[in-house]
Amino acid sequence: MEDESQEILLSSLENFGVSIPENVSSVKDLNPATLVSICGQCLNRIDGTASFCTSLPDSMAEKFRICTELSSSVEKLGFIGDMSYYKFLYPSEEDLYKLIRFLVERLSESPKGVNVGEVKDVNTGMKIRADNFRRSLEDNEGINIDYQEVEQEFKELRLKNEVPESSNFEAEVASDDVSSSITGDLRKNELTSVVSGKDLSEEAGKSVGATGDEQIAVQWDDEPSLQEQLSEIRNEVEDLQNGEEEQELGLAVSPKTSELQNLKEEFKSIKTASEIAFDDSHPTELYLEQVDAKKQNLIELESQWAASRKSLEEKKSRLEESLDANKPEVWENLQKLREVELERQSVLSEIQKRDNELVKLTEDLEKQPKVASRRSNIERVKEITKNSRKQDADIERILRETREIQLQSNSIQERLNRTYAVVDEMIFREAKKDSVGRQAYRLLTSIHESFEQVSEKILATDRVRREMAEYEKKLAAMASRSLNVDKLQADLDVIMKENEYLEQCLKNT
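Numbering (full-length UniProt numbering), first residue to last: 1 to 509.
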């Protein structure tokens with residue numbers, strides 16, 4: 001029981017942010033250095049303006065000074081009992097237990113104490129938030145679209161309509177830029193960009209494959225075909241939503257895949273740079289010229305893309321206006337989809353943040369020492385309370401019996417005094433008449449004095465026994481102290497050497 005209480009005290013200190021060495025598993029494992037460190041950290045946390053030292057220096061004078069400061073600060077906090085520097089330099093197990101328990105009590109009362117949070121509440125809040133979000137998606141007029149799957153379908157569609165390999169370099173770059181821009185608009189404008197981007201990619205691929213200098217012309221289908229495409233995309237999305245587990249696995253693997261891709265690209269660039277650096281046949285100026293030519297080519301392609309993008313945005317805006325004018329219900333649905341996507345993004349970011357917090361708190365929880373559960377602690381407290389009440393009842397019973405015995409003793413003593421007074425008077429009267437009475441009176445007086453001496457000796461014996469019990473208790477406490485004579489002698493020698501050194505310095509000055 002005592003070892004468990006010591007472990008609970010140390011775990012409580014760790015919960016308050018006090019660092020404890022790994023080799024310390026109970027209070028009795030503490031030495032002067034670790035005790036000073038723990039006490040200094042606790043006092044610094046209790047008083048935010050204090051800056052107590054958390055390590056013992058080599059100098060004995062500094063050790064005495066630091067321990068004296070710590071002891072005076074502990075006394076000011078209300079420690080009951082003797083507290084001085086030797087409680088830190090030569091502590092006993094009892095002193096260590098009292099001091100650690102006092103510091104834990106003061107940390108729990110101080111507003112500076114910060115406990116480690118529970119992880120279950122965070123995980124529960126994340127599940128509730130995710131369930132609410134899924135429920136809001138399903139209840140929003142039957143609209144339930146997975147935008148990542150829509151984007152994947154759009155990418156596959158774009159790859160099918162990609163420009164053939166015989167096209168020139170400028171046409172390929174322009175086609176990739178058009179498709180990437182449409183993919184970016186898909187993230188911002190949701191389903192409207194999906195519908196427009198599908199036709200834009202087909203027309204852009206055909207126009208770029210024909211010629212790289214002409215403007216990209218896009219032809220739009222009529223409204224019935226647009227409605228059919230929208231229905232097809234919704235059906236595809238509903239089918240793809242059944243693979244939610246596969247999507248989660250893909251989301252978990254995608255960061256690793258992108259990291260691997262980045263590492264491969266970095267390795268490729270480093271390899272190319274090293275080959276260029278060690279290639280004496282081709283001068284550096286040649287590569288610089290090639291880089292300038294590539295830059296110029298990119299500038300021209302950017303200008304071409306700016307013109308193409310402007311026309312595409314105009315076409316897109318006209319499509320949205322026509323959709324708003326002819327199909328207001330579809331437009332309202334698209335607006336709701338955008339709002340739902342914004343809410344989805346915010347909830348996903350919040351979930352990601354909570355995931356990071358959960359990982360961090362889980363790591364902290366794994367680092368925490370495993371202690372008894374709350375139920376066992378409650379049962380232990382109940383048992384201690386029950387034993388304490390039983391002890392209080394026993395103490396009350398003993399006090400009541402002692403009081404009764406004391407009353408009986410007083411009554412018997414008073415009765416004896418009265419009896420002795422009566423007998424003394426009767427025998428004293430007879431002693432005046434004859435010699436036999438005088439002899440009886442002398443015997444009575446000697447018996448009374450003998451009994452008084454016996455009573456005094458009994459009381460003295462009881463007092464001596466109590467003193468012996470107190471001295472034995474003190475001897476046991478002294479025996480439990482970790483007073484090492486060799487250590488004391490070594491400390492005394494160090495102090496004497498330091499004093500001699502200081503005297504030498506004073507004489508030299």
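The C-beta atom is built at its ideal place from N, Cα and C for all residues, glycine as well.
On a predicted model such as this, the values are computed, not experimentally measured, just so you know.
Could you give the DSSP three-state label for residue i: helix, strand or coil?
i: Glu-500; result: helix
i: Ser-19; result: coil
i: Ser-84; result: coil
i: Ser-92; result: strand
i: Pro-57; result: coil
i: Ser-26; result: coil
i: Ser-373; result: coil
i: Thr-419; result: helix
i: Asn-508; result: helix
i: Asn-31; result: coil
i: Lys-327; result: coil
i: Ser-110; result: coil
i: Glu-203; result: Residue placement at Glu-203 is poorly supported in this model, since its pLDDT is 42, which falls under 50; the coordinates still yield a value, given next. DSSP places Glu-203 in helix when its eight states are reduced to three.
i: Gln-368; result: coil
i: Gly-40; result: helix
i: Ala-273; result: helix
i: Thr-49; result: coil
i: Leu-77; result: coil
i: Thr-192; result: Below a pLDDT of 50, predicted positions are generally treated as unreliable, and Thr-192, at 40, falls in that range; the measurement from the model is reported next regardless. The answer is helix: DSSP assigns Thr-192 an H, G or I state.
i: Glu-153; result: Any reading at Glu-153 must be qualified, since the residue scores a pLDDT of 47, below 50, and its modelled position is unreliable; the value itself is stated next. Note: Glu-153 maps to helix in three-state DSSP.
Is the beta carbon of residue i less than 8 Å from the beta carbon of residue j?
i: Lys-45; j: Ser-110; result: According to the sequence as given, residue 45 is Arg; it is not Lys. Yes, these two residues count as a Cβ contact at 8 Å.
i: Ser-37; j: Ser-26; result: no
i: Val-423; j: Leu-444; result: yes
i: Lys-98; j: Gly-78; result: no
i: Cys-67; j: Tyr-85; result: yes
i: Phe-52; j: Glu-75; result: no
i: Val-494; j: Met-60; result: yes
i: Ser-12; j: Val-104; result: yes
i: Glu-94; j: Ala-476; result: no
i: Ala-50; j: Leu-43; result: yes
i: Leu-323; j: Val-330; result: yes
i: Arg-101; j: Leu-9; result: yes
i: Met-83; j: Ser-71; result: yes
Got a sec? Which residues, its chain only, sit under 7 Å from residue i by beta carbon, not counting five neighbours each side?
i: Leu-30; result: Val-24, Leu-96
i: Tyr-420; result: His-448
Could you pull out every residue in the same chain whose Cβ sits closer than 8 Å to the Cβ of residue i, ignoring the five residues on either side in sequence?
i: Gln-335; result: none
i: Ala-440; result: Ile-427, Glu-430, Ala-431
i: Asn-356; result: none
i: Asp-392; result: none
i: Lys-294; result: none
For the ligand ATP, is there a heavy atom less than 7 Å away from the beta-carbon of residue i?
i: Asp-95; result: The model depicted lacks the ligand ATP and carries no ligand whatsoever.
Going by beta carbon distance, what residues of the same chain come within less than 6 Å of residue i, once the five residues before and after it are set aside?
i: Gln-368; result: none
i: Leu-399; result: none
i: Leu-298; result: none
Taking Cβ positions only, does residue i come closer than 8 Å to chain D?
i: Leu-506; result: Of the protein chains in this structure there is only one, and it is not chain D.
| said: Whether or not the region 455 to 469 and the region 22 to 31 are in contact is what I'm after, with contact meaning three or more pairs of Cβ atoms, one per stretch, closer than 8 Å; do they touch? | reply: A contact is defined here as three or more CB-CB pairs under 8 Å, and the region 22 to 31 fails this definition with respect to the region 455 to 469.
| request: Only counting runs of 4 or more residues, tell me where the alpha helix (DSSP H) segments fall wholly within the region 431 to 506, in order along the chain. | output: 435 to 480
| field | alpha helix (DSSP H) runs contained entirely in the region 298 to 368, provided each spans 4 or more residues | value | 328 to 367
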